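Some notes on the structure that comes next.
2 protein chains.
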Amino acid sequence: MQTAPARQSGKHDAPKRSNVAIIGLGTVGAGVAKLLIDHGDRTARHAGKTIWLSKAVVRDLKKPRDVELPDGILTDSIDEVLEDPEIDIIIQLMGGLSPAREVMLRAMESGKDMVTANKALLAEHGAELFTRARQLGRSIAFEAAVAGGVPIIANISQCLSANQITSLEGILNGTSNFIVSQMDEKGAGYDETVRLAQQLGYAEADPSMDVDGTDAAQKLAILAHLAFGATIDWRDIPRQGIDRLAPEDLQYARRLGYRIKLLATARLIDDELELSVAPTLIRGDNPMAAVRDAYNAIRVVGDAVGPVFYHGLGAGQMPTASAVVADVIDTAVGRTPITFQTLEYFSSEHPPRAAQRDVETLRGRHYLRLTVANHPGTLAAIAGVLAKHHLSISSVIQPEPGGDGSAGSSGGDSGTPDVVPLVIMTHEASEGAASRATTEIEALPCIAGPIIRMPVKG
Amino acid sequence: MQTAPARQSGKHDAPKRSNVAIIGLGTVGAGVAKLLIDHGDRTARHAGKTIWLSKAVVRDLKKPRDVELPDGILTDSIDEVLEDPEIDIIIQLMGGLSPAREVMLRAMESGKDMVTANKALLAEHGAELFTRARQLGRSIAFEAAVAGGVPIIANISQCLSANQITSLEGILNGTSNFIVSQMDEKGAGYDETVRLAQQLGYAEADPSMDVDGTDAAQKLAILAHLAFGATIDWRDIPRQGIDRLAPEDLQYARRLGYRIKLLATARLIDDELELSVAPTLIRGDNPMAAVRDAYNAIRVVGDAVGPVFYHGLGAGQMPTASAVVADVIDTAVGRTPITFQTLEYFSSEHPPRAAQRDVETLRGRHYLRLTVANHPGTLAAIAGVLAKHHLSISSVIQPEPGGDGSAGSSGGDSGTPDVVPLVIMTHEASEGAASRATTEIEALPCIAGPIIRMPVKG
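Chain order of the listed sequences is U and E.
When the count follows my numbering, it moves up by one through the first sequence with no breaks and lands on 623 for the last residue.
When the count follows my numbering, it moves up by one through the second sequence with no breaks and lands on 623 for the last residue.
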């Protein structure tokens with residue numbers, strides 16, 4: 166093991182060494198620094214040369230850190246790093262869009278190759294950053310931007326390169342998955358589970374990007390580009406978060422033999438790409454249904470290889486650092502520059518190979534949870550609207566009032582509730598038909614609250 | 166799509182093109198040819214240049230083929246290919262050790278980079294072939310040699326390179342897994358299931374290398390080298406096949422909440438490597454237990470990334486071809502040569518980083534199925550031997566005679582069988598203790614047949 170003091174006194178074997186700097190020493194940055202400093206022998210073995218942490222840029226030099234750095238590494242000057250011609254690779258771990266974008270552009274203009282975990286930055290400014298990198302003969306590696314420790318970027322870009330990928334689905338947001346798993350297993354409510362996730366460090370103070378599907382949509386936009394050559398603005402991906410999920414939905418899903426997961430889906434149909442992010446009912450015997458806590462999973466189907474399933478930790482200090490350091494090694498040995506140059510991500514010279522399919526035409530089964538007036542004719546009225554829109558019912562749960570705590574609220578003392586839940590699963594139908602039927606049902610006089618609608622997977 | 170006729174009339178854009186030849190046009194070879202000929206646009210996109218199938222060498226030019234080749238590609242002369250200076254990459258798909266080894270050495274001496282799926286060849290002659298490749302400045306890619314379409318070689322060598330891998334376990338033989346799944350689900354016997362596997366093309370006429378654990382041990386030896394830097398002769402890996410499995414074992418395992426799979430395991434303990442291949446009881450909620458038919462799965466644990474689970478088709482024409490063609494692309498663009506040069510597989514200059522641990526010290530739980538005399542004192546005698554060797558019992562099944570068809574054979578007309586099965590699960594113990602106890606129990610007068618012993622995983 167090459168410990169920090171030994172490294173700091175090391176000889177300057179420049180050709181056998183790549184110097185790297187980290188910008189942003191938060192949780193992931195500290196993990197990356199640990200791997201580089203404590204396991205220099207390991208990175209050297211995989212890179213065929215020393216990977217040397219030269220600098221780590223932080224905003225506040227006095228803030229206590231989760232990692233012990235040798236003297237002279239910590240600095241609060243980005244310029245010091247950008248202007249140092251000895252630094253070859255910059256690990257850009259600043260969050261947010263600005264100044265992350267500007268720092269990245271300046272670093273590449275200073276001749277640095279980049280490694281980043283900032284998926285929001287790539288989702289917003291990927292085209293600009295990748296084009297500029299190519300103009301400058303630089304590379305950008307971003308394995309850690311999607312699915313944390315699961316190396317899905319390399320797998321799609323390299324390992325499965327003999328395939329036309331035909332579909333891809335994944336649990337890409339660890340925070341949401343932790344919250345949904347906890348609600349499912351503990352029967353707890355959404356708000357209290359979010360608080361628990363925050364206490365445990367699985368959710369940020371403002372978790373909205375995670376729970377409303379934004380984060381998963383940004384990751385899906387990146388994967389859709391790699392897998393299908395599609396250029397997608399993540400805002401155009403139909404998305405639904407987990408913030409409207411109730412414990413009852415998880416219970417009904419279980420009764421029907423399903424689990425609910427926030428699933429990101431991309432499917433190639435007649436050269437068009439169907440994309441969505443939504444809490445989805447997944448059959449209990451599908452491996453995706455068993456993905457718990459902060460784990461991520463991705464199922465990729467290729468026309469030659471068939472289905473390949475990946476499962477691992479989608480977030481956390483060391484899993485993410487694992488992806489970042491693999492990228493640093495790939496960049497230092499020269500694999501990343503080759504891949505980056507060859508695949509021409511987001512190049513304007515290549516028209517997108519697949520356009521996004523109209524959301525209305527997406528076909529699938531649907532789960533509907535309605536809150537309905539407890540009087541005769543209700544089910545008939547609802548079923549009538551469904552039939553009108555050619556939605557065929559595959560199963561219905563109307564819980565016996567009083568059968569369980571969630572089965573309705575009484576307006577008086579009679580014990581018979583005025584309002585009861587009703588759960589309907591449909592056979593396959595188009596999104597457009599399901600959406601129109603839902604709107605029409607919501608306007609019926611027997612409906613006492615918003616309808617929860619989710620897609621269903623086999 | 167670049168169809169074959171168009172390609173054959175193509176201009177000679179040499180620098181933008183890699184010429185490849187296939188040696189051996191069996192099932193996998195035909196799949197590779199299909200991908201190269203029918204999907205030239207796809208390989209070109211991933212390689213940044215044309216991947217051109219120049220030649221395919223076969224023994225018998227007249228044999229009907231599973232693929233339509235443009236005129237001029239098929240040849241029965243290996244020399245024609247080796248002596249053609251325009252051919253850059255050779256896809257070596259001959260089975261067996263000789264002349265595969267000699268062809269590979271000659272091809273590299275002729276300046277060709279190699280792609281192969283021949284795992285037996287690498288397990289036997291890896292050190293020689295890899296050393297020679299390095300001397301000649303050539304590379305050998307072998308993704309298809311382990312786990313078919315699951316890209317485990319690239320994942321261990323590149324994607325998880327920031328990690329010390331601490332353990333690795335996998336279902337690496339699709340033939341065995343197909344047989345065991347079928348026996349488990351259909352309740353059929355071993356011999357008849359092997360015949361079914363042969364009819365369906367999942368097992369060869371002589372399936373012994375698959376069912377006796379040889380194939381899995383050869384693959385494990387390769388993975389152990391990549392993951393742990395260990396140099397292992399596959400013959401030194403303790404191995405047990407599925408050929409002694411009875412349907413009863415699968416049934417008892419289920420009753421205990423387990424499934425049986427042929428599992429290859431490598432675990433790093435105090436810098437020593439514990440290796441084994443054996444039919445193993447795996448708890449029903451472990452994803453490995455759900456791996457069915459010809460699928461393979463591998464669970465790798467890294468000290469940074471944690472557990473990563475891979476699942477996909479471990480054999481078959483197109484999944485294997487997917488791995489081969491990914492290797493061809495990686496070789497053509499230059500990634501494989503970098504990886505091959507950097508990692509120095511099987512280099513004699515690097516002492517092995519982990520030695521194999523003495524099999525006697527391996528610790529784990531054990532499943533024992535005994536055939537015992539149906540008289541008082543039998544269980545006491547067996548339990549006594551187990552206690553003497555410090556094997557503690559966690560559960561026992563002694564089926565009620567007549568309770569099911571397999572619960573014993575009667576010596577007369579009385580209805581009480583002379584001989585009954587007895588299943589014992591132990592708590593954790595060393596392999597040495599379990600082995601000594603088993604030998605001692607087998608010598609007891611109450612034992613009426615060989616003892617089946619298998620490891621048990623949580």
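C-beta atoms are modelled at their ideal positions from N, C-alpha and C, and glycine is treated no differently.
In this text, all values refer to a predicted model and were calculated from it rather than measured experimentally.
Whose CA, out of the options, lies closest to the CA of residue i?
i        : options                                   : result
E:Asp583 : E:Glu593, E:Ser595 and E:Glu565           : E:Glu565
E:Ile425 : E:Pro452, E:Asp436 and E:Leu551           : E:Pro452
U:Arg210 : E:Glu233, E:Ala309 and E:Ala392           : E:Ala392
U:Leu388 : U:Asp375, U:Phe343, U:Phe307 and U:Val537 : U:Phe307
E:Glu248 : E:Thr604, E:Met273 and E:Pro264           : E:Met273
U:Ala480 : E:Gln482, E:Gln506 and E:Val470           : E:Val470
E:Leu478 : E:Ala598, E:Asp436 and E:Gly335           : E:Gly335
U:Gly339 : U:Leu333, U:Gln323 and U:Thr379           : U:Thr379
E:Asp236 : E:Ile202, E:Glu437 and E:Gly394           : E:Ile202
U:Met483 : U:Leu438, U:Ser242, U:Arg528 and U:Ala282 : U:Ala282
E:Asp241 : E:Val232, E:Val223, E:Ile252 and E:Ile255 : E:Val223
E:Leu544 : E:Tyr532, E:Leu527 and E:Leu587           : E:Leu587
E:Ala386 : E:Ala288, E:Val489, E:Glu605 and E:Ala195 : E:Ala288
U:Leu226 : U:Ile238, U:Ala198 and U:Trp217           : U:Ile238
U:Arg400 : U:Arg432, U:Gln506, U:Ser441 and U:Glu525 : U:Ser441
U:Arg500 : E:Arg182, E:Ser322 and E:Arg601           : E:Ser322
U:Met603 : U:Pro541, U:Arg360 and U:Thr536           : It is Thr, not Met, that sits at residue 603 of chain U in the sequence shown. Comparing Cα positions, the closest option is U:Thr536.
U:Gly291 : U:Thr396, U:Ala370 and U:Ala429           : U:Thr396
U:Glu350 : U:Pro403, U:Gly194 and U:Asp458           : U:Asp458
E:Asp377 : E:Tyr460, E:Ser341 and E:Leu234           : E:Ser341
U:Gln300 : U:Gly260, U:Met348 and U:Ser513           : U:Ser513
U:Ala156 : U:Arg230, U:His204 and U:Val489           : The first residue shown for chain U is 166 and the last is 623, placing residue 156 of chain U beyond what the model contains.
Does any residue of chain A have a CB that is nearer than 8 angstroms to the CB of residue i?
i        : result
E:Phe474 : Absent from the structure is chain A; the protein chains it does hold are U and E.
According to the Cβ coordinates, are residue i and residue j closer than 8 angstroms?
i        : j        : result
U:Ala319 : U:Gln383 : no
E:Arg534 : E:Tyr417 : yes
E:Ile562 : E:Arg420 : yes
U:Phe295 : U:Tyr510 : yes
U:Ala186 : U:Ala221 : yes
U:Ile243 : U:Val280 : no
U:Ala497 : E:Leu325 : no
E:Ile547 : E:Leu446 : no
U:Arg522 : U:Leu438 : yes
E:Gly352 : E:Pro444 : no
U:Val621 : U:Tyr532 : yes
U:Val315 : E:His476 : no
E:Ala381 : E:Leu337 : yes
E:Gly260 : E:Thr485 : no
E:Val524 : E:Pro403 : yes
Mind reading off the beta-carbon distance from residue i to residue j? Whole number of angstroms is fine, and I expect it under 8 angstroms.
i        : j        : result
E:Leu258 : E:Gly366 : 17 angstroms between Cβ atoms; not a contact.
U:Ile407 : U:Val345 : 6 angstroms
E:Gly597 : E:Arg448 : So it is not a contact: roughly 25 angstroms between Cβ atoms.
E:Met590 : E:Ser560 : 5 angstroms
E:Arg528 : E:Glu593 : 6 angstroms
E:Ala298 : E:Ser304 : 6 angstroms
U:Ile494 : U:Thr208 : 6 angstroms
U:Arg409 : U:Ile617 : 6 angstroms
E:Val232 : E:Ala198 : 5 angstroms
U:Ser629 : E:Asn328 : Residue 629 of chain U cannot be examined here, being either before or after the span of chain U that is shown, 166 to 623.
U:Arg601 : U:His554 : 6 angstroms
Pull the bridge partners of residue i from the DSSP assignment, please.
i        : result
U:Met619 : U:Tyr532
E:Lys384 : Beta-bridge pairing links E:Lys384 to no other residue.
E:Gln521 : E:Leu438
U:Ala431 : U:Leu333 and U:Leu440
E:Pro586 : E:Thr536
E:Ile606 : For E:Ile606, which the question treats as bridged, DSSP gives no partner whatsoever.
For the ligand NAD, any of its heavy atoms closer than 7 angstroms to the Cβ of residue i?
i        : result
E:Asp414 : The ligand NAD is not among the ligands present in this structure, which contains no ligands whatsoever.
Ignoring anything shorter than 3 residues or poking outside the segment 272-353 of chain E, list the beta strand (DSSP E) runs there in chain order. 278-281 and 330-336
Where are the beta strand (DSSP E) runs, 3 residues long or more, that stay fully inside the segment 438-498 of chain E, in chain order? 460-467 and 471-478
Could you tell me which whole beta strand (DSSP E) segments of length 3 or greater appear in the segment 172-254 of chain U? 182-188 and 215-222
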